[in-house]
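Written out below as structure tokens is the structure these notes cover.
Structural data, given as structure tokens:
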């Protein structure tokens, strides 16, 4: 915790969020009376700590269904992602996984020893047991999305994934992320928490997934390159280099950053849809569940923009304090719109006027600003409040800096 506070040294709003998070009573989820649920949520926590938190804050009607939706798709992804599994073995599993989830007792032990989520598949029988106890409506949604995603993964499951065109890029992201958005929207509407319109607006649900996936793909350039995966579309990177791996060469630094700004601009094309989708979500727990990953994505996109480190370092992330602060703030549409405005302004301010996408990114940022002003007028007051916290750390105030340092020292001694 002390190191997280020090990393947020000049961001007092983040320090405050960290302190509040540390001191707040933690919600304890006790599944000990139901051994199946206990194992399910154990696997959820092991495979994704970030999603585990927001899933377990959902209303009871949806919590188990979405937990199992996540675990089923994580199991599918764990087979697809494991490059030690031969294609002749892998593809039949991808294409039939939607049928496998109805087979009681099925487990899978063919993952390589270093596959981080292999234990989920070793114990996948408990996931199937939980899935078969869901309401039929939820089972149908999960099986349908699993079938479509598995077929899409099988299509792209070559020895080294290479995405050629922007259309291919959109299609791949649809298979692995957009379909998740569609499935979640169908669940929200099916349970009655949201209107039928949420499920009908498949374009917006798809964009919710694409914005997250494109941000992650942009961030993971180096990691994917190492694993012989080329998710950046050649239609983009081919404008800046003969080979995608040439972007890491120091002599290509300027071209690499131009390519990066192109990728950032492409991802930003989904931000308007994200805000329109979130405007439809009325249930508070569903709203936070949807909003938190999206604000994390725009914060990550801001961190990536003009940041050459993505070509030299793996596992680049936003600060823990920033993450906690965003989770705390994302509980209504005005606050989320204010966060989008805040980061859009920061992205625009970082843009290089000599970059070929300077104008495109500026227009995208301006559109977000205008949409938020017109549709979410309450975001203006929220933006002023957020900026006050952000600017307090950049004003050069000796008192502010001293207070933050003192807080960090105190927490280090208290919570070490």
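Residue numbers (our numbering): 2 to 417.
Each residue gets a CB set at the ideal place from its N, CA and C atoms; glycine is no exception.
For residue 294, the enclosing alpha helix (DSSP H) stretches over residues 285 to 305.
Closest in C-alpha terms to residue 306, from the list 283, 217, 276 and 294, comes 217. Straight through space, the alpha carbons of residue 389 and residue 137 are spaced by roughly 49 Å. In terms of Cα proximity to residue 157, the closest of 176, 147, 145 and 146 is 176. For residue 237, the enclosing alpha helix (DSSP H) begins and ends at 235 to 238.
Its chain contains 241, 242 and 247 as the residues whose beta carbon lies nearer than 8 Å to that of residue 253, once the 5 sequence neighbours on both sides are disregarded; these appear in chain order.
Residue 358 sits in coil when the DSSP states are folded into three classes, being neither helix nor strand.
From the listed residues 259, 250 and 335, the smallest Cα separation to residue 276 is found for 335. Here residue 272 has 369 as same chain residues with Cβ atoms under 6 Å from its own Cβ, once five neighbours each way along the sequence are excluded.
For residue 231, the three-state secondary structure derived from DSSP is strand.
Relative to residue 288, the option among 133, 367, 185 and 325 whose CA is nearest is 185.
In the three-state scheme derived from DSSP, where H, G and I count as helix and E and B as strand, residue 263 is classed as helix. Straight-line measurement puts the Cα of residue 223 at about 37 Å from the Cα of residue 141.
Taking 8 Å as the cut-off, the beta carbon of residue 298 is found no closer than this to the beta carbon of residue 183. Close CB contacts of residue 84 within its chain, under the 7 Å cut and outside five residues either way in sequence, are with 228 (chain order). Look at residue 163 here: in three-state DSSP terms it is strand.
The three-state secondary structure of residue 197, taken from DSSP, is helix. For residue 104, the secondary structure class from DSSP, reduced to helix, strand or coil, is coil. Using a Cβ-Cβ distance cut-off of 8 Å, the segment 316 to 332 and the segment 278 to 297 are in contact, since at least three pairs of beta carbons, one from each stretch, lie closer than that value. Note on residue 330: 16 or more other CB atoms within 10 angstroms of its CB, so buried under the neighbour-count rule. Nearest Cα to residue 169 within the set 204, 88, 235 and 323: 235.
For residue 70, the closest of 130, 286, 311 and 230 by C-alpha to C-alpha distance is 130. Look at residue 84 here: in three-state DSSP terms it is coil, with no helix or strand label. Between the segment 120 to 134 and the segment 199 to 207, the count of Cβ pairs shorter than 8 Å is below three; the stretches do not touch.
Rounded to whole angstroms, the gap between the alpha carbons of residue 56 and residue 366 is 31 Å. Sequence-distant partners of residue 152 (beyond 5 residues in either direction) whose C-beta falls short of 7 Å from its own C-beta, in its chain, are 96. DSSP places residue 170 within a helical segment (H, G or I) once states are collapsed to three. The C-beta of residue 263 has 16 or more other C-beta atoms within 10 Å across all chains shown, which makes the residue buried.
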